[in-house]
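Numbering (the working numbering), first residue to last: 497 to 613. Working notes for the structure below.
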């Protein structure tokens, strides 16, 4: 029973890692946000699964025989998730800056044009 639960959680983590890795390959912020939303949902399922393990009094067994692979994969997933989330924020700020520069440049060029006329 415990092994099945751990295998299920590991497979969930593996799927989520693949999804998160795909975020870093995308350029569009909207695409990244959709992917992160699905990862958030997956993390919710993962959290529920771990909670379910704990509620079934398996916590003692896990603490005595911790699955280091499980913990390692969780840590790896969270690092990738944070990296992808940070990348989205950076892309948003880059876009805001680019939009601001374009708007400012257009305004300056427009006013320079009329100043010359």
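Built from N, CA and C at the ideal position, the CB exists for glycine as well.
In this structure residue 597 is exposed. Its beta-carbon is surrounded by fewer than 16 other beta-carbon atoms within 10 angstroms. Residue environment: residue 505 is assigned as buried (16 or more neighbouring CB atoms within 10 Å of its CB, all protein chains considered). Around the Cβ of residue 509, a 10 Å sphere holds 16 or more other Cβ atoms; the residue is buried. Taking C-beta separations shorter than 6 Å and ignoring five residues to either side along the sequence, residue 595 has no partners in its chain. The alpha-carbon of residue 503 is positioned some 14 Å away from that of residue 512.
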